[in-house]
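Going by this note's numbering, the letters in the sequence shown line up with residues 2 to 258, in that order.
These notes are about the structure you will find just below.
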Amino acid sequence: MAQEISIEAQRFKKVREDLGKTQSEFAQLLDAGTTTADIERGKKKITGKIVTELLRQFHINPLWLYGTSYNKYLETTQNTAPKIITMDASERENMIMVPIKASAGYANNLQDTDWFNDLPAFNIPLPQYKEGSYRAFQVNGDSMLPVLQPAEWVMGRAVENLRQATDGRIHVVVTADTVVVKKLRKTDSLDTVMLVSLNQEYPVIEQPVIDIIELWEVNSKLSFDLDVHEGQEAMISLKNGLESLRNEIASIKKGTL
2 MAQEISIEAQ
12 RFKKVREDLG
22 KTQSEFAQLL
32 DAGTTTADIE
42 RGKKKITGKI
52 VTELLRQFHI
62 NPLWLYGTSY
72 NKYLETTQNT
82 APKIITMDAS
92 ERENMIMVPI
102 KASAGYANNL
112 QDTDWFNDLP
122 AFNIPLPQYK
132 EGSYRAFQVN
142 GDSMLPVLQP
152 AEWVMGRAVE
162 NLRQATDGRI
172 HVVVTADTVV
182 VKKLRKTDSL
192 DTVMLVSLNQ
202 EYPVIEQPVI
212 DIIELWEVNS
222 KLSFDLDVHE
232 GQEAMISLKN
242 GLESLRNEIA
252 SIKKGTL
């Protein structure tokens with residue numbers, strides 16, 4: 002009779018697969034030898050050191066690992082939801098607009114209701130904006146060319162914490178020092194994220210998660226430039242397609258034992 006694999010071994014394997022790691026890569030991250038194959042087969046016990054590393058690096062809840070909790074993660078990231086929202090006369094939530102000049106003082110006024118009430122606000126009666134809280138931010142600079150032009154507006158949906166953020170999507174990231182619009186890339190440690198500009202002249206920013214105060218996932222933009230940059234858009238579309246293809250090939254290779 003085949004050996005029944007323990008729940009902790011099954012869940013350990015699921016963590017690895019969800020992270021997209023091979024058995025050797027995962028073992029190296031956890032300092033667990035050369036491979037995690039024996040752990041996943043139930044032939045080797047999960048040590049306390051490995052449990053500690055799963056918690057430290059990936060916030061894996063030890064109680065979930067051993068089947069006594071429904072919560073896979075111990076949430077250690079701070080709340081990045083908006084601190085203040087405003088309502089219109091019909092008790093509908095406003096989409097507050099944050100122009101470039103106001104973004105400089107945005108973080109310092111997160112608890113100031115009067116400051117937010119003085120900002121322009123509007124509603125968009127479309128189904129894409131019915132669920133969640135939305136905010137509009139004006140793009141400052143050319144770091145997101147060619148997709149976002151300087152002074153265009155992006156509309157973003159509030160993200161309650163980093164775990165709910167979509168990897169690889171453009172976000173508005175608010176810290177105590179600045180408000181930036183960047184593509185967000187998650188990292189294995191969950192302690193930092195990478196903020197990537199589409200304009201390759203700008204460096205990638207390694208952003209500590211603990212310093213993120215608010216997070217907004219961009220789903221649309223408002224532009225007054227009717228001169229469509231067809232050549233640039235075609236090139237960026239082709240580039241994104243090639244990048245997706247490379248990622249798929251890399252994923253297939255990583256999944257091969």
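Built from N, CA and C at the ideal position, the CB exists for glycine as well.
Residues bridged to residue i (per DSSP)
| i | result |
| --- | --- |
| Gln208 | Val194 |
| Leu223 | Trp154 |
| Leu216 | Val174 |
| Gln139 | Trp154 |
| Ala159 | Trp217 |
| Phe123 | Met96 |
Opening and closing residue of the beta strand (DSSP E) in which residue i lies
| i | result |
| --- | --- |
| Thr1 | This structure cannot settle anything about residue 1, because the visible part of the chain is limited to 2 through 258. |
| Val181 | 180-187 |
Best match in the options for proximity to residue i [C-alpha to C-alpha]
| i | options | result |
| --- | --- | --- |
| Thr261 | His60, Gly34, Asp143 | Since the first residue of the chain shown is 2 and the last is 258, residue 261 is not available in this structure. |
| Gln79 | Ile101, Ser221, Asp192, Ile211 | Ile211 |
| Ala90 | Arg57, Val180, Val174, Asn118 | Asn118 |
| Thr193 | Lys102, Arg164, Thr179 | Arg164 |
| Thr276 | Thr53, Val52, Glu9, Lys14 | Nothing can be reported for residue 276: it is not among the residues displayed for the chain, which extend from 2 to 258. |
| Val99 | Leu199, Asn248, Gly157 | Gly157 |
| Gln58 | Pro204, Leu191, Pro128 | Leu191 |
| Phe138 | Ala103, Tyr67, Thr167 | Ala103 |
| Asp189 | Pro209, Glu92, Asn200, Asp178 | Pro209 |
| Ile101 | Ile61, Leu120, Asp115, Met88 | Leu120 |
| Gly169 | Asp178, Leu196, Met145 | Leu196 |
| Glu1 | Met96, Gly68, Asp226, Gly21 | No information on residue 1 is available, as it lies outside the stretch 2 to 258 that the chain covers here. |
| Thr81 | Ile253, Ser134, Glu26, Ile51 | Ser134 |
| Asp143 | Asn124, Gly68, Trp116, Gln201 | Gln201 |
| Thr114 | Asn95, Ala108, Phe123, Thr87 | Thr87 |
| Gln11 | Ala122, Lys44, Asp32 | Lys44 |
| Met145 | Ser70, Leu199, Lys84 | Leu199 |
| Leu111 | Ala177, Glu5, Ile8 | Ala177 |
| Glu41 | Glu54, Thr23, Leu56, Lys50 | Thr23 |
| Ile97 | Ala159, Ala28, Ser7, Ile206 | Ala159 |
| Ile1 | Asn72, Val16, Pro83 | Outside the shown range of the chain, which is 2 to 258, sits residue 1, and nothing can be said about it. |
| Ser224 | Asn62, Ile206, Gln150 | Gln150 |
| Arg93 | Ala105, Ala122, Tyr107 | Ala122 |
Endpoints, the alpha helix (DSSP H) within which residue i is located
| i | result |
| --- | --- |
| Asp119 | Segment: none, Asp119 is in no alpha helix (DSSP H) and carries neither H nor E. |
Minimum Cβ-Cβ distance from residue i to chain D less than 8 Å
| i | result |
| --- | --- |
| Leu30 | Chain labels in this structure do not include chain D; a single protein chain is all it has. |
| query | What runs of the beta strand (DSSP E), each 3 residues or longer, lie entirely inside the region 20-108? | reply | 96-99
| field | Segment contact, 8 Å Cβ cut-off, at least three pairs: the region 158-177 with the region 209-223 | value | yes
| said: With three or more C-beta pairs closer than 8 Å as the rule, is the region 176-184 touching the region 126-136? | reply: no
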